[in-house]
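Q: For the sequence shown, our numbering begins at 26 and goes up steadily by one. Got a structure for you, questions after.
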Amino acid sequence: MLLTKKSSHSVQGNGSASPFVHSLRRGLSQALPTMDRRSFLRRSGLGVGVGIAASQLTLVKKSNAAEGAKAGVGDSKIEVRRTVCTHCSVGCAVDAVVENGVWVRQEAVFDSPINLGAHCAKGAALREHGHGEYRLRYPMKLVNGKYERISWDTALNEITAKMQELRKASGPDSVYFIGSSKHNNEQAYLLRKFVSFWGTNNCDHQARICHSTTVAGVANTWGYGAMTNSYNDMQNSKVALYIGSNAAEAHPVSMMHMLHAKETGCKMIVVDPRFTRTAAKADEYVRIRSGTDIPFLFGLLYHIFKNGWEDKKYINDRVYGMDKVREDVLAKWSPDKVEEACGVKEDQMFKVAKMLHDNNPGTIVWCMGQTQHSIGNAMVRASCILQLALGNVGKSGGGTNIFRGHDNVQGATDVGPNPDSLPGYYGLAEGSWKHFAAVWGVDFEWIKKQYASPAMMSKNGITVSRWIDGVLEKNELIDQDSNLRGVFYWGHAPNSQTRGLEMKRAMDKLDLLVVVDPYPSATAAMAAMPGKAEDLNPNRAVYLLPAATQFETSGSCTASNRSLQWREKVIEPLWESRSDHMIMHQFAEKLGFAAELSKNYKMQKVKGMDEPVPEDILREINRSVWTIGYTGQSPERLKAHMKNMHVFDVKTLKAKGGKDKETGYDFTGDYFGLPWPCYGTPELKHPGSSNLYDTSKHVMDGGGNFRANFGVEKDGVNLLAEDGSHSLGSEITTGYPEFDHVLLKKLGWWDDLSDAEKAKAEGKNWKTDPTGAIIRVAMKHGCHPFGNAKARAVVWNFPDAIPQHREPIYGTKPELVAKYPTHDDKKAFWRLPTLYKSIQDKNVADKVAEKFPLILSSGRLVEYEGGGEETRSNPWLAELQQEAFVEINPKTAADRGIRNGERVWLSSPTGARLNVQALVTERVAPDTVWMPFHFSGRWQGADMLAHYPKGAAPVVRGEAVNTATTYGYDSVTMMQETKTTICNVERA
């Protein structure tokens, strides 16, 4: 919502009108009359994706935007490059029109089965992201508080010299690498490989602070930690429960599929502490107190169990431990206890439970409203248990549709820099390392010697949510030799992390800080802003390196529904920017392991420099990541899908048939984007898996069952699926464990392998067989390579085997803490001590809730994305939302003498004070306030403009809500607690 009057011109960081905006407007004033997209296509006489006629284009030129651009229209060379939006995870395809190397216009791809020709505001403004004038243009170094331009050679030499200095003095674990969910799959994978060759597991990326609790909770329930179905499949749902998801703003184009479902009778339920734009479309809106998802979800289960609405046969055949959950729910979550905890009355709880029962199949959607809590893992599992009780998992129209945040956060999680796994969620055990050493063609012993010790090679690294404590914590309490001394911010926004005041202190104490980004991010300004003298390291070195955008390279990205799409390069890297994988290769050259890092890749010349070929990196992924089926999506298959989107059905994602004209590739049976798992080699032609765990389909049609990943029995109880519960056409009609060489021999299927395959598969399982033959043979017999087991309603290896409600560490209801206390403190958890009960008890004793009586939550706006530095640097988006603000209920505002539009101070127990504008609205309840989290560039009332590199400040700057958010982390994954903390608001 726009809080201030629109300006008559777009504004630069210095307040003046942008010359580019003036020239752009002159171009637009001479444009052809406005026409809709279909009229444009008819007039141009072209089919979608084939090309766009020059006579129909309004060509907006930007001088010197790309080398070799020609002025003469007669000499124009016009090309159409197909790419994918770089904002949220829906995966909207875009056709970019390029004239002589300049990106001049774009069209949403009508044939895309995912976005159906639609854009949101952010997607419609992509061209300006690629050609954005507020980008970081060349390498810079912080000198006497100001950023100065340096050469790439100087930057690479100085940074790697400092890295080696830190390594020699403090070991490889003293350097921390924050990767990016904006990297494509190839770059994310290469960064994990790079970090491994440096010799540390201290790496992470955005997924830690958005959906790590999802990945852990869902994977430990039924096998894979991802969205089970798809946006498209929601059109087959009869009821959809959104909990902690504001899809209308966070994933706008996904709402098309939901609205289509509503047209055919689907009921929509939205559960949220805030009345959102998504809630405005709901058939039933339920307001809960933030952090009480478990009382709400188990309150629904109370009515489901009481009325016998659970799917008894499904539970018997496919679920372990539901009887124990039933006992727990009926004992603890009667309607009065539910109302006390989450504020929802019995009649509405019964109504929602009945809606879920009466409308089958039903799906559930959640996002960060559910994940970002100190008990996020338990909330996620409660959602999974609800769907298992209703028999909704493994069927079209059902499942758990978990909407991820960034465009490639799914892919970066799958194959990128996780501190607790290698690509594909292979653990840090010796067998996993040897598997990847073989794929990489590098001696295992050489990799081991890169680490401080064999023990550190197998130890989870510090998470991105806690790197601050890796710097600030007492050394004797950290489970590694040294504190962190160097940090790489490689495509990550610091304002998306909690505890901003302490983060500033940590940045000041570092010896080395490197920011690699197309936009310098708030990191640059925070690092340059004066801090406390006692915190500042006089020897600190800060560098900014200009990375290319995803429009200046090619590669694959994975949408939230697990579909992979291939981006074509739209334009060459602008100014002095370089692609992320080129930078990784160049760092490796300076550090002495480029030959090992890039030995399997051909090199291509970009600006006269070597750059690893992205297709070759993907082929290496195809040869290694068997666990989650990233092996069937070859570059050739993905490119064929991108060129032929029209053959895929918009509800099922399945190809209707046909062949690619150029390559002869036959699409028959494929699902769009070959959603993982796409098993076996590309030659096996597995079609991908549109809906996970679906026993109604053959495994070679994307069917499956729950994964046998937790053993075959627990306390004498069988964990494998019951007899008769199996995927269609399976030759084994009982439950069975995962496949390995021993099982194949017992079944008499070993001779289905060739002699060469037997030699390589001997002693291996389906995840480590380098030939893929074990997978091929299992699927030939209709069996799933990962086995056939029951989902776990009880996860015995988690802190709470059955999800338990626990009050947040910082809360407004101390009277409930005694009933629902948080966890005990932990030592050396992800290498660091982690506090729970000691802080919560102190907050109660100190009556902190009386000083800070309001729940502070945060979320997304449709205009901006992530930390917001890119989108707030886009003039078209910046004009839509010019102010950071806090939503406050009219009653709460009146009690404080606050009127709509006035400036207020928001204060929190951290000592932070944010100066923002008040939006007085009943969207929030009287006990809650809400802020968007996309803002940065103002710090406790002061503008940080002077601390950005010249010309690279965002157009709109505002207070970051996470400057004020408090301490609190999930008990399994270290997810930060952002959705439930406390604050006070007063008139400024």
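The beta-carbon is built from N, C-alpha and C at its ideal position, and this holds for glycine as well. No experiment lies behind these values; they were computed from the predicted model shown.
When you compare only the Cα positions, how much space is there between ASP685 and ALA118?
A: Along the sequence shown, read from residue 1 onward, the residue named residue 685 stands at position 660. Along the sequence shown, read from residue 1 onward, the residue named residue 118 stands at position 93. If you take the alpha carbons of ASP685 and ALA118, they lie about 19 angstroms apart.
Q: Would you kindly report the start and end of the unbroken alpha helix (DSSP H) that includes GLU747?
A: As a position in the sequence shown, residue 747 is number 722, starting the count at 1. First-last for GLU747: undefined, no H or E at that position.
Q: Compute the distance between the beta-carbons of VAL496 and TYR514, then report whether it is under 8 angstroms.
A: For the purposes of this step, residue 496 is taken as residue 471 along the sequence shown, with counting starting at 1. For the purposes of this step, residue 514 is taken as residue 489 along the sequence shown, with counting starting at 1. No, the pair does not count as a contact, with Cβ atoms beyond the cut-off.
Q: When the distance is taken between beta carbons, is PRO448 closer than 8 angstroms to GLY486?
A: Numbered from its first residue, the sequence shown carries residue 486 at position 461. Numbered from its first residue, the sequence shown carries residue 448 at position 423. Not closer than 8 angstroms, so no.
Q: Taking all protein chains shown into account, do 16 or more other C-beta atoms lie within 10 angstroms of the C-beta of GLN611, making it buried, or fewer, making it exposed?
A: Here residue 611 refers to the residue found at position 586 of the sequence shown. GLN611 comes out buried.
Q: Using a Cβ-Cβ cut-off of 8 angstroms, state whether GLY466 counts as contacting chain B.
A: This model lacks chain B altogether; it includes just one protein chain.
Q: Is it buried or exposed for PRO555, if we count other Cβ within 10 angstroms and need 16 for buried?
A: Taking the sequence shown and counting its residues from 1, the one referred to as residue 555 is at position 530. Exposed, because fewer than 16 other Cβ atoms sit within 10 Å of the Cβ of PRO555.
Q: Counting only the same chain and skipping the five closest in sequence on each side, list residues whose C-beta sits under 6 angstroms from that of CYS235.
A: Position 210 of the sequence shown holds residue 235. Cβ neighbours of CYS235 within its own chain (closer than 6 angstroms, five residues either side excluded): MET393, GLY430.
Q: Once you ignore the five residues that flank GLU1011 on each side, which residues in its own chain have a CB closer than 7 angstroms to its CB?
A: Taking the first residue of the sequence shown as position 1, residue 1011 is located at position 986. Cβ neighbours of GLU1011 beyond the five flanking positions: ARG921, VAL929, TRP930.
Q: Could you pull the DSSP bridge partners for PHE673 from this structure?
A: Looking up residue 673 in the sequence shown gives position 648. DSSP lists ALA680 as partners of PHE673.
Q: Which runs of the alpha helix (DSSP H) at least 4 residues long sit entirely within the stretch 207-256? Give them in chain order.
A: 210-223, 237-247
Q: Near THR111, what residues of its chain come up, given a Cβ to Cβ distance below 6 angstroms and the 5 sequence neighbours on each side ignored?
A: As a first step, residue 111 must be located in the sequence shown, where it is residue number 86. These residues qualify, in order along the chain: ASP432, GLN575.
Q: So what does GLY884 bridge to, in DSSP terms?
A: Within the sequence shown, numbered from 1, the residue matching residue 884 stands at position 859. Beta-bridge pairing links GLY884 to PRO957.
Q: Quick check on PRO700: buried or exposed, where buried means 16 or more other Cβ atoms within 10 Å of its Cβ?
A: Here residue 700 refers to the residue found at position 675 when the sequence shown is read from its first residue. When all chains shown are included, PRO700 counts as buried.
Q: Starting from the N-terminal side, write out each stretch of the alpha helix (DSSP H) that is 4 residues or longer and does not extend beyond the stretch 608-645.
A: 619-622
Q: Let me check one thing: in DSSP terms, what residues is ASN940 bridge-paired to?
A: One-based indexing of the sequence shown puts residue 940 at position 915. Paired residues: TRP930.
Q: Under the rule that 16 or more other beta-carbon atoms within 10 Å means buried, what is ASP995, buried or exposed?
A: Locating residue 995 in the sequence shown gives position 970, counting from the first residue. Result: buried.
Q: Contact between the stretch 913-920 and the stretch 945-954: three or more CB pairs below 8 angstroms?
A: yes
Q: If you measure between the beta carbons of ASN730 and TYR718, is that distance less than 8 angstroms?
A: Here the question's residue 730 lines up with position 705 in the sequence shown. Here the question's residue 718 lines up with position 693 in the sequence shown. With contacts defined as CB atoms closer than 8 angstroms, ASN730 and TYR718 qualify as a contacting pair.
Q: Using 8 angstroms as the threshold, is the C-beta distance between GLY436 and ALA665 below it?
A: Looking up residue 436 in the sequence shown gives position 411. Looking up residue 665 in the sequence shown gives position 640. In this structure, ALA665 does not lie closer than 8 angstroms to GLY436 by Cβ.
Q: Does the separation of the CB atoms of VAL802 and SER649 fall below 8 angstroms?
A: Here residue 802 refers to the residue found at position 777 when the sequence shown is read from its first residue. Here residue 649 refers to the residue found at position 624 when the sequence shown is read from its first residue. No.
Q: Between THR289 and GLU687, what straight-line distance do the alpha-carbon atoms span, to the nearest angstrom?
A: Taking the sequence shown and counting its residues from 1, one reaches residue 289 at position 264. Taking the sequence shown and counting its residues from 1, one reaches residue 687 at position 662. Roughly 39 angstroms between the two C-alpha positions.
Q: Identify which residue in ASP136, LEU778, ASP178, GLU132 has its Cα closest to the Cα of ASN667.
A: Start at 1 with the first residue of the sequence shown, and residue 667 comes out as number 642. Note that residue 667 corresponds to Met in the displayed sequence, not to Asn. Of ASP136, LEU778, ASP178, GLU132, the residue nearest in Cα terms is ASP136.
Q: Compare the Cα-Cα distances from MET532 to each of TYR544, ASP542, PRO543, ALA558 and report the closest residue.
A: Along the sequence shown, read from residue 1 onward, the residue named residue 532 stands at position 507. Of TYR544, ASP542, PRO543, ALA558, the residue nearest in Cα terms is ALA558.
Q: DSSP on ILE827, reduced to helix/strand/coil?
A: If you number the sequence shown from 1, residue 827 lands on position 802. DSSP places ILE827 in coil when its eight states are reduced to three.
Q: Note the first and the last residue of the continuous beta strand (DSSP E) segment covering THR388.
A: For the purposes of this step, residue 388 is taken as the residue at position 363 of the sequence shown. Here the beta strand (DSSP E) through THR388 covers 387-391.
Q: Along the chain, where does the alpha helix (DSSP H) that runs through ARG662 open and close?
A: Start at 1 with the first residue of the sequence shown, and residue 662 comes out as number 637. Run containing ARG662: 660-668, per the alpha helix (DSSP H) assignment.
Q: Among the residues of its own chain, which have a CB less than 7 angstroms from the CB of LEU902, if the five just before and after it don't count?
A: By one-based count along the sequence shown, residue 902 stands at place 877. Counting only Cβ-Cβ distances below 7 angstroms, and skipping sequence neighbours, we find ALA146, LYS147, ALA150, GLU888, TYR889, THR896.
Q: Between the alpha carbons of GLN590 and LYS789, how many angstroms are there, rounded?
A: Residue mapping note: residue 590 aligns to position 565 of the sequence shown, counting from 1. Residue mapping note: residue 789 aligns to position 764 of the sequence shown, counting from 1. Those two C-alpha atoms are separated by around 31 angstroms.
Q: Pull the bridge partners of ARG817 from the DSSP assignment, please.
A: Within the sequence shown, the letter at position 792 stands for residue 817. Answer is TYR345.
Q: Quick check: ARG592 and VAL115, are their CB atoms within less than 8 angstroms of each other?
A: Reading the sequence shown from its first residue, position 567 is the one you call residue 592. Reading the sequence shown from its first residue, position 90 is the one you call residue 115. The answer is no: Cβ separation not under 8 angstroms.
Q: Would you tell me roughly how many angstroms separate the C-alpha atoms of VAL129 and ASP825, rounded to the nearest one?
A: Locating residue 129 in the sequence shown gives position 104, where the first residue counts as 1. Locating residue 825 in the sequence shown gives position 800, where the first residue counts as 1. Whole-angstrom Cα-Cα distance: 55 angstroms.
Q: Which one or two residues does DSSP pair with THR583 in a beta bridge?
A: Translated into positions along the sequence shown, residue 583 becomes position 558. LEU589.
Q: Roughly how far, in whole angstroms, is the beta-carbon of SER399 from the beta-carbon of ILE834, given that I think they are within contact range, below 8 angstroms?
A: The residue you call residue 399 lines up with position 374 of the sequence shown. The residue you call residue 834 lines up with position 809 of the sequence shown. Contact flag correct, Cβ pair sits at about 6 angstroms.
Q: Near GLY250, which residues of its chain fall below 7 angstroms by C-beta distance, leaving aside the five closest residues on each side in sequence?
A: Against the sequence shown, residue 250 aligns to sequence position 225. Excluding positions up to five away in sequence, the list reads THR239, VAL240, ALA241, VAL243, ALA244.
Q: In whole angstroms, give me the CA-to-CA distance for SER579 and PRO639.
A: One-based indexing of the sequence shown puts residue 579 at position 554. One-based indexing of the sequence shown puts residue 639 at position 614. The straight-line gap from Cα to Cα measures roughly 7 angstroms.
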